[in-house]
Every structure is written in structure tokens, then in C-alpha cells.
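These notes concern the structure reproduced below.
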Amino acid sequence: VVGRVNMDLTCVDLSGCPEAVEGAAAVAVGRQGAAAITAEEVAAWAGTIPYEVLCAIGPRVARVYTGA
């Protein structure tokens, strides 16, 4: 994450990720194929707890629920 968080928008530096192209999906928390990023991991990187990470995701961010 780079720069400042602006309301419910965040800038992410993908310059070190050559497979990231315009229009491709970017997963901040969740699973895509065999790769996964958990709220616990994000919280550890941010020096906080998973609850705070999840509560900080604004209501305008689309959610996709799968499984049971």
C-alpha cells in the first residue's frame, strides 16, 4: 500500500508484479487460485488485529461470499 488512504480508496504499488495488467483482478484479502491473503496476514503487516482490518473495509467495497 502506498500513499495515503483516501476515504474508501487505497493505492497499491504493483510495479513489482509484471502479471498485473489493467483490468485484471487484484485480491487484497481472500483467495485466488492457490494463493491466499488472510486478514490475519494483513493485520500482522499493519501491526494491528484482523478485526480492525475487516472493519476498515468500507461498505462500498464489493463483497463476494462463497462456500458455507
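Residues in the sequence shown are numbered consecutively from 41, following the working numbering.
Virtual Cβ for every residue (Gly too), placed ideally from N, Cα, C.
ask   = Where does alanine 75 fall in DSSP's three states?
value = Here the question's residue 75 lines up with position 35 in the sequence shown. Alanine 75: strand per DSSP, three-state reduction.
message = Would valine 52 and alanine 65 qualify as a contact pair, given that the criterion is a beta-carbon distance under 8 Å?
response = Here the question's residue 52 lines up with position 12 in the sequence shown. Here the question's residue 65 lines up with position 25 in the sequence shown. Cβ atoms of valine 52 and alanine 65: not closer than 8 Å.
inquiry  = Determine whether the beta carbon atoms of alanine 96 and isoleucine 89 lie at a separation below 8 Å.
reply    = Looking up residue 96 in the sequence shown gives position 56. Looking up residue 89 in the sequence shown gives position 49. Cβ distance not < 8 Å, so alanine 96 and isoleucine 89 don't count as in contact.
query = Helix, strand or coil: how does DSSP classify cysteine 57 here?
reply = Translated into the one-based positions of the sequence shown, residue 57 becomes position 17. Three-state result, cysteine 57: coil.
inquiry  = Within the continuous alpha helix (DSSP H) that includes valine 93, where are the two ends?
reply    = Translated into the one-based positions of the sequence shown, residue 93 becomes position 53. Run containing valine 93: 90 to 95, per the alpha helix (DSSP H) assignment.
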